[in-house]
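*Asks:* A single structure is presented below for examination.
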Amino acid sequence: MRLIVADDSALTREIMQQLLEGLGFDLQMASNGIEAWKLLQAVDVPAIAILDWMMPGIEGIELCRRVRQLHRQHYTYVILLTSKSEKTDIIEGLRAGADDYVTKPFDAEEIQARLLVAQRIIRFQEELVAAREAMKVQAKHDYLTHLLNRAGIMEALDEEFSRSQRSGQPFSIMMADIDLFKRINDTYGHRVGDDVLCEVATRINTSIRPYDSVGRYGGEEFLIIAPGLDQSAALQAGERVRESFCQRPIQRQGQTLQVTISLGVTTWAAGTSPEALLAAADAALYEAKQSGRNCTRLISLNTCLPSR
């Protein structure tokens, strides 16, 4: 755990160094407030900072205020070192952003005890951050297939659409649907149906490029976003995805299932909208279904969409 000690007293720094290195901290020392401020702004955020209240350059209490104004994701726990022991001084330090204080002269046991408190709070804060990040991931991912969910893939579509508007570079989307999926559920049960959904998600994900995006758009529908692909390249990419299902059946729950998918493809054109893209891909998918399933169809945004 990274820890900063800032004190203009060489003796205090030496005592702290002997104590803290023995406790296993990754220690950095500063002899004045300016040096401390540089360390506190580093990309590698210190977990704990022990700051002397009275220092040349920038005082410890001002450093507390500045640290709290950084609004970083990772919290720095600040302990003020001070010879001030009046209640008003302690209140001022805590209001400035300090988490704790130690009055001089201090002893090793007190410092160790204060640091144990700091470590408990930091671990708890890290757990909260990890839980928050996990919730963000869960909010955008499908619980069954672990792909992006509808909200997540729509966000990716909006981002790619904005990028193409700025750069003028094309991108394509593909709407994929499992053929006769209801029959699978009705014949083999929903457990097998869920297994099929997961296998389809895996095969699609392994059939596209690492920088493409795929999400579960609906029940058995998947949306693929392919940056940089024009119509011809997108049609070929769609065929690669489709053919990955023709090459081998899906084995699940003791059943051998010949699963196929149909795909509808369209490519971004200037002056269109994400909604128009989705409508075109959906229309192309409908055309693929009407053509006998297990095929890929493309509809250009420059042509009229067929009626449904």
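If you read the sequence shown in my numbering, its first letter stands for residue 1109, the second for the next number, and so on.
Glycine included, every Cβ here is placed at the ideal spot set by N, Cα and C.
All values reported here derive from a predicted model rather than from experimental measurement.
For residue 1329, write down the residues that DSSP places opposite it in a beta bridge.
*Replies:* Numbered from 1 along the sequence shown, position 221 holds the residue referred to as residue 1329. Bridge partners of residue 1329: 1285.
*Asks:* In its own chain, which residues sit with a C-beta less than 8 Å from the C-beta of residue 1218, not counting the 5 before and 5 after it?
*Replies:* If you number the sequence shown from 1, residue 1218 lands on position 110. Cβ neighbours of residue 1218 beyond the five flanking positions: 1210.
*Asks:* Alpha carbon to alpha carbon, what distance is there between residue 1380 and residue 1246?
*Replies:* Working through the sequence shown from its first residue, we reach residue 1246 at position 138. Working through the sequence shown from its first residue, we reach residue 1380 at position 272. Approximately 31 Å between the Cα atoms of the pair.
*Asks:* Closest to residue 1425 by CA distance: which of 1151, 1296 and 1157 is it?
*Replies:* Residue numbering for the chain in the displayed model covers 1109 to 1416; residue 1425 lies beyond these limits and cannot be assessed.
*Asks:* Could you check whether residue 1133 and residue 1148 sit closer than 8 Å to each other, using their CB atoms as the reference points?
*Replies:* On the sequence shown, position 40 is the one that residue 1148 refers to. On the sequence shown, position 25 is the one that residue 1133 refers to. Going by C-beta atoms, residue 1148 is not nearer than 8 Å to residue 1133.
*Asks:* Where residue 1121 and residue 1238 are concerned, what is the direct C-alpha to C-alpha distance, given to the nearest angstrom?
*Replies:* Translated into positions along the sequence shown, residue 1121 becomes position 13. Translated into positions along the sequence shown, residue 1238 becomes position 130. Straight-line Cα distance between these residues: approximately 34 Å.
*Asks:* Contact defined as beta carbons within less than 8 Å: I believe residue 1382 pairs with residue 1266. What is the distance between those atoms, to the nearest angstrom?
*Replies:* For the purposes of this step, residue 1382 is taken as residue 274 along the sequence shown, with counting starting at 1. For the purposes of this step, residue 1266 is taken as residue 158 along the sequence shown, with counting starting at 1. The Cβ separation is near 6 Å, so the contact holds.
*Asks:* Under the three-state reduction of DSSP, which class applies to residue 1498: helix, strand or coil?
*Replies:* Any property of residue 1498 remains undetermined from this structure, which presents the chain solely from 1109 to 1416.
*Asks:* Does the structure place the stretch 1318-1329 close enough to the stretch 1272-1288 that three or more beta carbon pairs sit under 8 Å?
*Replies:* Touching, per the Cβ criterion.
*Asks:* Do residue 1385 and residue 1261 have their C-beta atoms within less than 8 Å of each other?
*Replies:* The sequence position of residue 1385 within the sequence shown is 277, counting from 1. The sequence position of residue 1261 within the sequence shown is 153, counting from 1. Not closer than 8 Å, so no.
*Asks:* Drop a sphere of 10 angstroms on the beta-carbon of residue 1354, count the other beta-carbons inside from all chains shown, and report buried for 16 or more, exposed for fewer.
*Replies:* The count along the sequence shown starts at 1 and reaches residue 1354 at position 246. Counting Cβ neighbours within 10 Å, residue 1354 comes out exposed, since fewer than 16 surround it.
*Asks:* Grab the span of the beta strand (DSSP E) containing residue 1466 for me, first residue to last.
*Replies:* Coverage of the chain is limited to positions 1109 through 1416, which leaves residue 1466 absent and any answer about it impossible.
*Asks:* Would you report the Cα separation of residue 1126 and residue 1114, rounded to the nearest angstrom?
*Replies:* In the sequence shown, residue 1126 corresponds to position 18, counting from 1. In the sequence shown, residue 1114 corresponds to position 6, counting from 1. If I take the Cα positions, the gap works out to 15 Å.
*Asks:* Less than 8 Å separating the beta-carbons of residue 1352 and residue 1311?
*Replies:* If you number the sequence shown from 1, residue 1352 lands on position 244. If you number the sequence shown from 1, residue 1311 lands on position 203. The answer is yes: Cβ separation under 8 Å.
*Asks:* Between the alpha carbons of residue 1378 and residue 1179, how many angstroms are there, rounded?
*Replies:* Translated into positions along the sequence shown, residue 1378 becomes position 270. Translated into positions along the sequence shown, residue 1179 becomes position 71. Approximately 39 Å, taken between the alpha carbons.
*Asks:* To the nearest angstrom, report how far apart residue 1160 and residue 1258 are at their CA atoms.
*Replies:* As a working note, residue 1160 is residue 52 in the sequence shown. As a working note, residue 1258 is residue 150 in the sequence shown. Answer to the nearest angstrom: the Cα atoms are 52 Å apart.
*Asks:* Pick from 1307, 1192 and 1336: whose alpha carbon is nearest that of residue 1317?
*Replies:* As a position in the sequence shown, residue 1317 is number 209, starting the count at 1. For residue 1317, the nearest C-alpha among the options comes from 1336.
*Asks:* Using the three-state DSSP reduction, which class does residue 1314 fall into: helix, strand or coil?
*Replies:* Taking the sequence shown and counting its residues from 1, the one referred to as residue 1314 is at position 206. Here residue 1314 sits in helix by DSSP.
*Asks:* Starting from the C-beta of residue 1253, find all residues in its chain whose C-beta is less than 7 Å away, skip the five residues before and the five after it, and write them out in chain order.
*Replies:* In the sequence shown, counting from the first residue as 1, residue 1253 sits at position 145. 1305, 1306, 1309 and 1324, listed in sequence order.
*Asks:* From this set, 1250, 1360, 1229 and 1396, which residue's C-alpha is nearest residue 1322's C-alpha?
*Replies:* Looking up residue 1322 in the sequence shown gives position 214. The shortest C-alpha separation from residue 1322 is found at 1250.
*Asks:* Compute the distance between the beta-carbons of residue 1190 and residue 1201, then report whether it is under 8 Å.
*Replies:* By 1-based counting over the sequence shown, the position of residue 1190 is 82. By 1-based counting over the sequence shown, the position of residue 1201 is 93. A contact, by the Cβ cut-off of 8 Å.
*Asks:* To the nearest angstrom, how far is the alpha carbon of residue 1116 from that of residue 1235?
*Replies:* One-based indexing of the sequence shown puts residue 1116 at position 8. One-based indexing of the sequence shown puts residue 1235 at position 127. Going from the Cα of residue 1116 to the Cα of residue 1235 covers about 35 Å.
*Asks:* Helix or strand or just coil, what does DSSP make of residue 1349?
*Replies:* Looking up residue 1349 in the sequence shown gives position 241. In this structure, residue 1349 counts as helix in the three-state DSSP scheme.
*Asks:* Residue 1319: buried (16+ other C-beta within 10 angstroms of its C-beta) or exposed?
*Replies:* Within the sequence shown, numbered from 1, the residue matching residue 1319 stands at position 211. So residue 1319 ends up on the exposed side.
*Asks:* Please classify residue 1194: is it buried, with 16 or more other beta-carbons within 10 angstroms of its beta-carbon, or exposed?
*Replies:* Working through the sequence shown from its first residue, we reach residue 1194 at position 86. Residue 1194 should be labelled exposed.
*Asks:* May I have the straight-line CA-CA distance separating residue 1199 from residue 1192, to the nearest angstrom?
*Replies:* Residue numbering aside, residue 1199 sits at position 91 when the sequence shown is read from its first letter. Residue numbering aside, residue 1192 sits at position 84 when the sequence shown is read from its first letter. Going by the C-alpha atoms only, they are around 11 Å apart.
*Asks:* Tell me the DSSP secondary structure of residue 1401 in three-state form.
*Replies:* Position 293 of the sequence shown holds residue 1401. The answer is coil: DSSP assigns residue 1401 none of H, G, I, E or B.
*Asks:* Helix or strand or just coil, what does DSSP make of residue 1211?
*Replies:* Here residue 1211 corresponds to residue number 103 of the sequence shown, with the count starting at 1. Residue 1211: strand per DSSP, three-state reduction.
*Asks:* For residue 1268, tell me which candidate among 1333, 1226, 1298 and 1293 has the shortest Cα-Cα distance.
*Replies:* Looking up residue 1268 in the sequence shown gives position 160. Cα-wise, what sits closest to residue 1268 is 1333.
*Asks:* Take residue 1338 as the anchor and find which of 1406, 1212 and 1171 has the nearest alpha-carbon.
*Replies:* Here residue 1338 corresponds to residue number 230 of the sequence shown, with the count starting at 1. Here the closest residue by C-alpha is 1406.
*Asks:* Quick one, are the C-beta atoms of residue 1403 and residue 1396 less than 8 Å apart?
*Replies:* Your numbering for residue 1403 matches position 295 in the sequence shown. Your numbering for residue 1396 matches position 288 in the sequence shown. Taking 8 Å as the Cβ cut-off, residue 1403 and residue 1396 qualify as a contacting pair.
*Asks:* Express the C-alpha separation of residue 1279 and residue 1331 in angstroms, rounding to a whole number.
*Replies:* Residue 1331 sits at position 223 when you count from the first residue of the sequence shown. Residue 1279 sits at position 171 when you count from the first residue of the sequence shown. Looking at the two C-alpha atoms, the distance is approximately 13 Å.
*Asks:* How many whole angstroms separate the CB atoms of residue 1361 and residue 1291, which I take to be in contact at a CB cut-off of 8 Å?
*Replies:* Here residue 1361 refers to the residue found at position 253 when the sequence shown is read from its first residue. Here residue 1291 refers to the residue found at position 183 when the sequence shown is read from its first residue. At roughly 16 Å, the Cβ-Cβ gap does not stay under 8 Å, so residue 1361 and residue 1291 are not in contact.
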